[in-house]
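Note that numbering that gives the first Met the number 0 has the sequence shown beginning at 0, numbered continuously upward.
By construction, the Cβ of each residue, glycine as well, lies at the ideal position given by its N, Cα and C atoms.
Because the structure is a prediction, the values reported are computed rather than measured.
Shown next, in structure tokens, is the structure this report addresses.
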Amino acid sequence: MRFLLKRVYEPFSEDDGCRVLIDRLWPRGISKEAAGLDYWFKDVAPSPELRKWFCHKPELFPEFQNRYLQELRTDAQKQALMEHLLDEAAKTNVTLVYGAKDPIYNHAVVLYEELQRLQGGAFE
Numbered sequence: 000m001r002f003l004l005k006r007v008y009e010p011f012s013e014d015d016g017c018r019v020l021i022d023r024l025w026p027r028g029i030s031k032e033a034a035g036l037d038y039w040f041k042d043v044a045p046s047p048e049l050r051k052w053f054c055h056k057p058e059l060f061p062e063f064q065n066r067y068l069q070e071l072r073t074d075a076q077k078q079a080l081m082e083h084l085l086d087e088a089a090k091t092n093v094t095l096v097y098g099a100k101d102p103i104y105n106h107a108v109v110l111y112e113e114l115q116r117l118q119g120g121a122f123e
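Following this line, the structure appears as structure tokens:
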């Protein structure tokens, strides 16, 4: 099975498998029913301080990526949630759902790439 990325505003499909919102804040203008989520893992998102610092500025993305990866690799709660995502992905597709407008410069891309890396091996 595999990980997929999708904005919460895109319609869901059967191919999505398990849908997990990975934002700390609930996305504006969408109901829980319309989101079609299985889980909301807000604690796998960047820390509030990091999220506010980044403010979705593409020029800060390389440094944001480094800082967020550090959080993902050292925070026990984030580690546990990633393990849960990896367990789900062993059974079905897992769609990481996010609300950011920019499909390239956002935390979902960083988390997706880290999960892809981990899927190929064990946690370090």
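Ranked by how close their Cα comes to the Cα of Gly28, the residues Trp52, Leu114 and Ala99 have Ala99 in first place. Per DSSP, Phe11 is not a residue of any alpha helix (DSSP H), being assigned neither H nor E. By the C-beta criterion, the stretch 107-122 is judged not to be in contact with the stretch 30-37, since fewer than 3 inter-stretch pairs fall below 8 Å.
Rounded to whole angstroms, the gap between the alpha carbons of Lys77 and Asp42 is 6 Å.
Between Val93 and Leu84 the beta-carbon gap is near 6 Å, inside 8 Å, which marks them as a contact.
For the 8 Å CB-CB criterion, Arg18 and Leu36 form a contact. Arg50 is positioned such that its CB atom lies no closer than 8 Å to that of Arg6. When beta bridges are read from the DSSP output, Val93 appears opposite Phe2 and Cys17. For Val109, the uninterrupted alpha helix (DSSP H) run begins and ends at His106 to Gln118, by DSSP.
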